[in-house]
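Structure first, commentary second.
Residue numbers (the UniProt record's numbering), protein chains in the order written: chain A, 1 to 495; chain B, 1 to 495.
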């Protein structure tokens, strides 16, 4: 009898061991596949990793049992300030984060910065129908204004309350509100306000002296957030000055280049910037042809500065990429593409299928690629062709693609080690730091509980690897030096 | 010169053609992979498909340009009644939908049905602290009540307003509210109210005569929604009657079986039901062992009626499946498993990793599998092992996994032809039809704009194929007969 019982327990124990073995093997296979799993950590990195993971796990495990406390499943506006005080955020701020490869010209600096610009002299303002119009001018502008043009300094002075005047003005320079879910009820509502930001700030920021300063200060802000290099997308608007000069898109590009050169002289530890010319997509094919000519001209004049070409604007609205396929295909041999695609949660629509077009056009990277998760063939192609995905989680929350970042498709992209780079799109418009918030939200809110320093390092390295920076060895080498210093600081508790 | 120009245009035209060809090939590959793509439509089906797709495309394309009008990106409670009036909904109601493989005992019929039960005689009620307690009894119940037990008929009669009394009572039988996003602010808030529904209705529905009637009427309701066969999950509570008898879980299962036999005599066109014994997961291993013994006993007494075993309850809270791995592994040879797993949007946590355990335990199907999209290895395994995914989109919205169904991972499951079956979980608790709402939301809100009648048919066929109905040929044959009739009715405009 006892032999029978023993045998029985032996069978049970073996069977149980098998199930545990099976599940652990499945888990191991997944962890080995995950983005960052090919990174080996040094002893110091392992120590730093323990510190980082301790911060992460503590927060996650509490939230798992108290989901109502988990900030990151709420709207970004509800927690963005609060998380800045956490140790994990501060640590990520210190982390060398590599490059920013998806960021738009005038959406990068805070509303406070833009407000400060309105203290400049020669700025005229026209308040009408809840909107505000700006223009730098020596005399009263001749462009139409339903009410009246006045010097902004006069308007401010004659207001009964300067603080309130500035606070009201500032509202035009941000999407942040206290009740985002009500104000931004759908994707179009969010985009309307988003586009209004660019319309409002356009004449303010395209004043040549401001344009130059804004770009200089952008580079500075990104450098301070521990970014080494950026690829900036710009619509390249016409710039103007007080002497009546107008600078066309090609000239605007060259002005960018001049500012960059100056910045690099002042901050030689920065690794520079390149331009992706990214004009509006809501145009006809004739205009796209013109765009391509402009891009080619910039390339001719500043071949090292122009990274390539893109089209911007809300994908769901206006022409799909397919409409310009012929023109773009023609330009392919001369220009590198970095197209936006799949910034939508419609499935099977023309905007969703921009993903097909940009891959057919041999795009080097895809901006957003949010919808890619619904495209098994394209997921394979992206991996096979080494097309990087420029993922902007915070942007996708603010512009209403997803409410809870835990449902962001980036989680699945990371799980299968797709070539992901993190970016921040227009962090100034939603009052985020240049890149740290996106890393924080991804690390804590999107990635697996298991994702650790290896993933963080790989994301930073990806941003260098998939950039068009010409000397990868050099920039990666410098990254490694900064990374080692960062790790040492963590281990020595100096961050 | 003209030859050069001609040659130039020829090159351009060829190149352009290539890009179009490429994108179309990529699209074709995806459409060929999609769930339902292996179905061939007859001429009649093609005509019906045109009608269905016309309804779908019209609605989708309008919503694409006016996203604020798109009901299905809102909360289910905000549109569930409205969509019932659409032609597409009515058409889907008529559609033979195959089987329901994921539905829970007492969550299936509407609050109006439950309210009606409170008009039965011998029902006592105890109102206390905003909650309500019920008990059928010949005399005043002896179980504790903070205020007082009274006959419900007396309480109703002595209320100043019967309509209001009933409306207040009805609130305990539904999760539907007019402001769902405020009331159900997080997953725990939703689950609390959800669990309270089962606690409140428990003593009402576990009264043996009610239990029998409820199951009979469930079968009727599902049959009327054009479901042929169901696999019902039950916690198998103890039942009671006025004579003081108490019926244990095994007896409750046999009572189910008796009701089913009676129903099948009354409605021989129905294809029957099987039971998945699914007790609460928030227990210790000793209790799980007891559960397994109960399941084995039911299997011994009614081998054709018991489909298998599962565990229920909020996965994020309480013990992960891993804790019972040994006990479950031991039972594997005798019981088929149909486990819930991955009903979570946490990633890398114990509830997320229940997916690993249930696959290691050779589960036949996975209930929900919401988190599976983040598990590339498991996605492969599920396909390789033919493990069906019981997806419950509406449930996932109501129980706070996802706000906008367009972001439901089901879209990706359908895209890669995973073995999906649609189900409705607890449609009575959120006032949905037995299965039509889930088909409607999936077809219009989740699946690709390209998904058509082929996908609908395949989903229905999947539900039969992945069921445990013993004679697949027979049930599929009957399905085909009903399907042909359904198609004829559409084509003849008779639906």
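Idealized CB from N, CA, C, for every residue including glycine.
(1) Could you name the residues of chain B that residue 64 of chain A contacts, counting a contact when the two beta carbons are closer than 7 Å?
(2) If you compare alpha carbons, which of A:326, A:328, A:319 is closest to residue 352 of chain A?
(3) Can you pull the chain A neighbours of residue 375 of chain B, defined as C-beta to C-beta under 8 Å?
(4) State the start and end residues of the unbroken beta strand (DSSP E) segment that holds residue 420 of chain A.
(5) Residues of chain A with CB closer than 8 Å to the CB of residue 404 of chain B, please, in chain order.
(6) Check the Cβ of residue 37 of chain B against every Cβ in chain A and list those closer than 7 Å, keeping chain order.
(7) Output yes or no for whether 8 Å exceeds the beta carbon distance between residue 117 of chain A and residue 204 of chain A.
(8) Can a CB atom of chain B be found closer than 8 Å to the CB of residue 187 of chain A?
(9) Buried or exposed: residue 485 of chain A, going by 16 or more other Cβ atoms within 10 Å of its Cβ?
(10) Under the three-state reduction of DSSP, which class applies to residue 314 of chain A: helix, strand or coil?
(11) In the region 341-374 of chain B, which residue ranges form an unbroken alpha helix (DSSP H) of at least 4 residues, counting only runs that do not cross its ends?
(12) Please list, in chain order, the residues of the region 447-466 of chain B that have any C-beta partner in chain A closer than 9 Å.
(13) Is the beta carbon of residue 119 of chain A less than 8 Å from the beta carbon of residue 137 of chain A?
(14) Please confirm if the region 436-452 of chain B is in contact with the region 83-97 of chain B, defined as three or more CB-CB distances below 8 Å between the two stretches.
(15) Going by beta-carbon coordinates alone, are residue 383 of chain A and residue 415 of chain B separated by less than 8 Å?
(16) Counting only the same chain and skipping the five closest in sequence on each side, list residues whose C-beta sits under 8 Å from that of residue 476 of chain B.
(17) Closer than 6 Å by C-beta to residue 408 of chain A: which residues in its own chain qualify, once you throw out the five before and the five after it? Chain order, please.
(18) In chain E, which residues lie with their C-beta within 7 Å of the C-beta of residue 357 of chain B?
(19) Three-state secondary structure (DSSP) at residue 119 of chain B?
(20) Ignoring anything shorter than 3 residues, give me the beta strand (DSSP E) runs that lie fully in the region 243-306 of chain B, in order along the chain.
(21) Can you list, in chain order, the residues of its chain with a C-beta nearer than 8 Å to that of residue 18 of chain A? Leave out the 5 residues immediately preceding and following it.
(22) Should residue 52 of chain B be flagged as near chain A, meaning a C-beta pair shorter than 8 Å?
(23) For the region 292-304 of chain A, list every residue whose C-beta sits within 8 Å of some C-beta in chain B, in sequence order.
(24) Within the same chain, show all residues whose beta-carbon is closer than 6 Å to that of residue 77 of chain B, passing over the 5 residues directly before and after it, in chain order.
(25) Which stretch, first to last residue, makes up the alpha helix (DSSP H) that contains residue 195 of chain B?
(26) With a threshold of 7 Å (Cβ to nearest heavy atom), would residue 490 of chain A be considered close to the ligand SAM?
(27) Just tell me which of A:342, A:308, A:59, A:346 has its CA closest to the CA of residue 379 of chain A.
(28) Give the residues of chain B in contact with residue 319 of chain A, contact being defined as C-beta atoms less than 9 Å apart.
(29) Could you compute how far the alpha carbon of residue 296 of chain B sits from the alpha carbon of residue 248 of chain B?
(30) Determine the direct distance from the alpha carbon of residue 201 of chain B to that of residue 115 of chain B, and round the result to whole angstroms.
(31) Measuring only the C-alpha atoms, how far is residue 457 of chain B from residue 349 of chain A?
(32) Under a three-way DSSP split, which group does residue 387 of chain A fall into?
(33) Can you name, in chain order, every residue of its own chain whose Cβ lies under 6 Å from the Cβ of residue 316 of chain B, other than the five neighbours on each side?
(34) Check whether chain B comes within 8 Å of residue 341 of chain A, counting only Cβ atoms and requiring the distance to be less than that.
(35) Could you tell me if residue 66 of chain A is buried or exposed, where buried requires 16 or more neighbouring beta carbons within 10 angstroms of its beta carbon?
(36) Report the option in A:396, A:261, A:406, A:361 whose CA atom is closest to the CA atom of residue 385 of chain A.
Taking the definition as stated:
(1) 316, 346, 349
(2) A:319
(3) Result: 30, 415.
(4) 420-422
(5) 345, 402, 403
(6) Chain A residues near residue 37 of chain B: none, gap ~12 Å exceeds 7 Å.
(7) A contact, by the Cβ cut-off of 8 Å.
(8) yes
(9) Residue 485 of chain A should be labelled exposed.
(10) coil
(11) 354-360
(12) 447, 448, 449, 450, 451
(13) no
(14) yes
(15) The Cβ atoms of residue 383 of chain A and residue 415 of chain B lie no closer than 8 Å to each other.
(16) Shown here for residue 476 of chain B: same chain residues with a beta carbon closer than 8 Å to its own, the five before and five after excluded, namely 461, 464, 465 in chain order.
(17) 393, 402, 446
(18) Protein chains in the displayed structure are A and B, and chain E is not among them.
(19) coil
(20) 273-277
(21) Answer for residue 18 of chain A: no residue qualifies.
(22) no
(23) none
(24) 176, 180
(25) First-last of the alpha helix (DSSP H) with residue 195 of chain B: 187-205.
(26) The ligand SAM is absent from the structure shown, which contains no ligands of any kind.
(27) A:342
(28) Chain B residues near residue 319 of chain A: none, gap ~13 Å exceeds 9 Å.
(29) 14 Å
(30) 10 Å
(31) 22 Å
(32) coil
(33) Cβ within range, chain order: 344, 351.
(34) no
(35) Exposed, since its Cβ has fewer than 16 Cβ neighbours within 10 Å.
(36) A:361
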